[in-house]
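Please read the structure below before turning to the comments.
In the UniProt record's numbering, the protein residues as written are 1 to 137.
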């Protein structure tokens, strides 16, 4: 546990005294539109799917959810909120949520646009599958 705590402390110092969770809260508040609402919704789903998830803030402003490795990121762009699953190409996606970054051998992404419905059960299943893959090695 000491390693985990020291890693989190180092990240807090690196982020100007704010924890990764606080920085994600701030990003959601700053967006103040459908993107913030969507990011908040997918964040809640990730946390419901994996109560042990660790929130991180990487690459100068990208929310990252990890458990024994990166599960997914929550990137925000002008027209999409993109959830990129680090090992998405290795995950079964029976609901067909992956709709972006389909050409690679490793990652897969879900682009969510304004007004898109989110299949909560399918998204949570992907998160759980990503955690299972991360913890199987």
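Every residue gets a Cβ at the ideal spot worked out from N, C-alpha and C, and that includes glycine.
Reference residue i, options the options, closest by Cα
| i | options | result |
| --- | --- | --- |
| residue 83 | 53, 101 and 74 | 74 |
| residue 117 | 37, 133 and 25 | 37 |
| residue 92 | 103, 125, 100 and 43 | 125 |
| residue 105 | 90, 98, 113 and 114 | 90 |
| residue 129 | 42, 58, 22 and 72 | 72 |
Nearest-angstrom beta carbon gap, residue j and residue i [assumed within contact, 8 Å]
| i | j | result |
| --- | --- | --- |
| residue 46 | residue 127 | 5 Å |
| residue 67 | residue 81 | Incorrect: roughly 21 Å between the Cβ atoms, too far for contact. |
| residue 122 | residue 88 | Wrong, their Cβ atoms sit about 13 Å apart, outside the cutoff. |
| residue 61 | residue 134 | Rounded, the Cβ-Cβ distance is 23 Å, inconsistent with contact. |
Beta-carbon gap between residue i and residue j smaller than 8 Å
| i | j | result |
| --- | --- | --- |
| residue 119 | residue 95 | yes |
| residue 28 | residue 40 | yes |
With 16 other Cβ atoms within 10 Å as the buried cut-off, status of residue i
| i | result |
| --- | --- |
| residue 56 | buried |
| residue 1 | With a pLDDT of only 36 at residue 1, under the threshold of 50, the placement of this residue in the model should not be trusted; the figure read from the coordinates follows. With fewer than 16 Cβ atoms within 10 Å of its Cβ, residue 1 is classed as exposed. |
| residue 107 | buried |
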